[in-house]
Amino acid sequence: MPVRIVDVAMPVYFFHIRGGPADVEAAEGLEFPDDDAARRAALAGARSLIAADVLDGMLNLDSRIDVADEGGSTLFSVPFASAVSAG
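Take the sequence shown: its letters are residues 35 to 121, numbered as in our numbering.
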C-alpha cells in the first residue's frame with residue numbers, strides 16, 4: 035500500500051524587536067508548528083541579542099520581541115528582562 039504524504043502548512047510567525055535604539059520589523063516570517071515553539075525561539079533570540087549586547091559592553095533589558103501572525107496581530111511578547119535571571 036503506498037504511503038500518502040500530506041503537506042500541512044505550518045503557521046508563520048514574525049519576530050519584531052521593540053524598545054531598543056530602533057525598532058526592527060521582520061520582513062520575513064518563520065514557520066513553527068505552534069505558539070509554544072515560536073515562544074521558545076523568541077526566547078532564544080532574545081538571549082542571543084542580549085549576549086551580543088553584553089559582548090559590546092551594553093545591557094538593555096527594556097527591549098522585547100513581539101511575535102505576530104501573518105495578519106500582523108501581535109500574539110505575544112517576550113521581554114528581554116524575562117529572558118535572563120540574576121542568579
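Cβ coordinates follow ideal geometry from the N, Cα and C atoms, glycine included. None of the values given here were measured: they were computed from a predicted structure.
Assigned exposure category for residue i - 16 Cβ within 10 Å defines buried
i, result
"V42", "exposed"
"V112", "buried"
Range covered by the beta strand (DSSP E) that runs through residue i
i, result
"R52", "V46 to R52"
Cβ-based neighbour list, residue i, same chain, cut-off 8 Å, excluding 5 preceding and 5 following
i, result
"L123", "This structure cannot settle anything about residue 123, because the visible part of the chain is limited to 35 through 121."
Nonlocal neighbours in the same chain, by C-beta distance under 7 Å from residue i, ignoring five residues either side
i, result
"G63", "V46, Y47, F48 and E104"
"I39", "none"
Close-in-space but distant-in-sequence residues of the same chain around residue i (CB under 6 Å, 5 per side omitted)
i, result
"T108", "D100 and A102"
With a threshold of 8 Å, are at least 3 pairs of Cβ atoms found where one atom belongs to the stretch 74–89 and the other to the stretch 97–116? yes
As an exercise, report each continuous alpha helix (DSSP H) stretch of at least 4 residues that is fully enclosed by the stretch 69–116, in chain order. 69–89
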